[in-house]
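Undergrad: One structure is given below, represented as structure tokens, and several questions about it will come after.
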């Protein structure tokens, strides 16, 4: 597998232009932490690791512009030094880059109240599959400059363009964060508790539940407000259970488990998005597989891990109005099963035509995603 590492945006533009002319396929890569997502494939890897660094950061305006190869850890440290944060709570393995996080649409437990990655991407510069540079959005929070392409770029997995610069909205970090825990609840009772807490005036910013019976409620903000809301929560949820505070270091590990699904047992792992009221039914239907699982986003996201290569998770998700993404599996299963839930024909055709508008020759359409394998053959 060939490997290219452009030094700057001009290098990247020339690489894409040459690939388009030669009919070659390119796979964009940041830190490589998600290289095993999708089918095994043979494509020239283009690393954007050298396109790194902060271009502009104005803490007073809560706006940060930087290059896509900037490590996520460096971005978070820079913001933390100014008492700020990326509100959608991105996460990733060591080496993850901010460009990769945006391209994969990664968002943590706070997403349920703070929004997703696409809600905080204000603008970007990129190179299309034609080898042409283009700009979308703006370096301001309020922007009405035409089509909202940043929402299209976030979660695109590098299939519509190679970002060379991106601008993100930052927010003040909470002065205090506290986690309340309930113990011993089953999935249905945990969902009822999370719904009660999230809908209350306690302003709970995140809610999750682990298979071993731990339900997590996060309260964040100014210290006096957090103390008052934490004092009120036991009364608010008294009809469901009792809750207690946990230490910050213990809470961090619990939230990481709920947010990433990384600690679940089983060589096959799925990420399911569905209406939160159906999360308990999903777990109940899949229990015969011997699953390990965790709920996040109040039940809207459920991580499911199991042994073997059963597709029952995907079918159950579809039956309950959701979709299942194959996150981790052996190479044989990844080669046979598309990572994303198959779309309805009309929606699939629309998505393909959108990508075709940015990448008419299918430069970024590798066999990583089954639906893109022949994107360059679609009619214009």
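Residue numbers (UniProt numbering): 1 to 380. For each residue, glycine too, the CB sits at the ideal point set by N, CA and C.
1. State the beta-bridge partners of residue 177 as determined by DSSP.
2. CA-CA distance, residue 114 and residue 22?
3. Using the C-alpha atoms, what's the distance from residue 70 back to residue 151?
4. Using the Cα positions of residue 240 and residue 184, report the straight-line distance between them to the nearest angstrom.
5. Can you look up residue 272 in the DSSP assignment and give me helix, strand or coil?
6. Need the endpoints of the beta strand (DSSP E) that residue 70 sits in, please.
7. Would you kindly report the start and end of the unbroken alpha helix (DSSP H) that includes residue 160?
8. So, under 8 Å CB-CB, residue 298 and residue 207 are touching, yes? Tell me the CB distance rounded to an integer number of Å.
9. Straight-line CA distance for residue 16 to residue 38?
10. For residue 377, count neighbouring Cβ atoms within 10 angstroms of its own Cβ and tell me buried if that reaches 16, exposed if not.
11. Just grab the DSSP bridge partners of residue 320 for me.
12. Leaving out five residues before and five after residue 262 in sequence, what residues of the same chain have Cβ atoms less than 8 Å from its Cβ?
13. Look at the Cβ atom of residue 108, then the Cβ atom of residue 82, and state whether they are nearer than 8 Å.
14. Pairing CB atoms from the segment 222-232 with CB atoms from the segment 149-169, are three or more of them under 8 Å?
15. Near residue 214, which residues of its chain fall below 7 Å by C-beta distance, leaving aside the five closest residues on each side in sequence?
16. Strictly by DSSP, which residues pair up with residue 85?
17. How big is the Cα-Cα spacing for residue 359 and residue 20?
18. Using a Cβ-Cβ cutoff of less than 6 Å, which residues in the same chain neighbour residue 276 once the five nearest sequence positions on both sides are dropped?
19. Looking at the ligand GTP, does it come within less than 7 Å of residue 271, judged from the CB to the closest heavy atom?
20. Select from 118, 46, 49, 79 the residue whose C-alpha is nearest the C-alpha of residue 56.
21. Residues in its own chain within less than 6 Å of residue 98 by CB, not counting five upstream and five downstream?
22. Look at the alpha carbon of residue 252 and the alpha carbon of residue 258, and state the distance between them as a whole number of angstroms.
23. Under the three-state reduction of DSSP, which class applies to residue 376: helix, strand or coil?
24. Am I right that residue 104 and residue 155 are in contact with their C-beta atoms under 8 Å? What's the rounded C-beta distance?
25. To the nearest whole angstrom, what separates the beta carbons of residue 51 and residue 8, a pair I think is in contact under 8 Å?
26. Give me the Cα-Cα distance between residue 195 and residue 132, rounded to the nearest whole angstrom.
27. Nearest CA to the CA of residue 292: which residue from 264, 148, 284, 368?
28. Say whether the segment 116-126 touches the segment 269-287, bearing in mind that this needs 3 or more beta-carbon pairs closer than 8 Å, one atom from each stretch.
29. Give me, in chain order, the residues of the same chain whose beta-carbon lies closer than 7 Å to that of residue 192; leave out the 5 immediate sequence neighbours on both sides.
30. May I ask which residues mark the beginning and end of the alpha helix (DSSP H) holding residue 18?
31. Taking all protein chains shown into account, do 16 or more other C-beta atoms lie within 10 angstroms of the C-beta of residue 380, making it buried, or fewer, making it exposed?
32. Applying the 10 Å Cβ sphere with the 16-neighbour rule, what's the burial state of residue 135?
33. Please list the segments of the alpha helix (DSSP H) lying wholly inside the segment 214-260, counting only runs of 4 or more residues, in order along the chain.
34. With 16 other CB atoms within 10 Å as the buried threshold, where does residue 54 fall?
35. Which one or two residues does DSSP pair with residue 295 in a beta bridge?
36. Using a Cβ-Cβ cut-off of 7 Å (strictly less than) and excluding sequence neighbours within five positions of residue 290, which residues of its own chain qualify?
TA: In this structure, then:
1. 220
2. 43 Å
3. 20 Å
4. 11 Å
5. strand
6. Here residue 70 belongs to no beta strand (DSSP E), and DSSP marks it neither H nor E.
7. From DSSP, residue 160 is part of no alpha helix (DSSP H); its letter is neither H nor E.
8. 5 Å
9. 22 Å
10. Residue placement at residue 377 is poorly supported in this model, since its pLDDT is 46, which falls under 50; the coordinates still yield a value, given next. Looking at its Cβ environment, which holds fewer than 16 other Cβ atoms inside 10 Å, residue 377 is exposed.
11. DSSP lists no partner for residue 320.
12. 256
13. no
14. no
15. 181, 183, 254
16. 171
17. 9 Å
18. 298, 299, 300
19. Of ligands this structure carries none, so the ligand GTP is not represented either.
20. 79
21. 70, 72, 75
22. 10 Å
23. For residue 376, the pLDDT reaches just 47, beneath the cut-off of 50, and the residue's location in the model is therefore unreliable, leaving the point undetermined.
24. 7 Å
25. 7 Å
26. 47 Å
27. 264
28. no
29. 240
30. 9-22
31. The pLDDT assigned to residue 380 is 43, lower than 50, so where the model puts this residue is not dependable, and the model offers no usable value.
32. exposed
33. 223-236, 248-260
34. exposed
35. 209, 302
36. 306, 307
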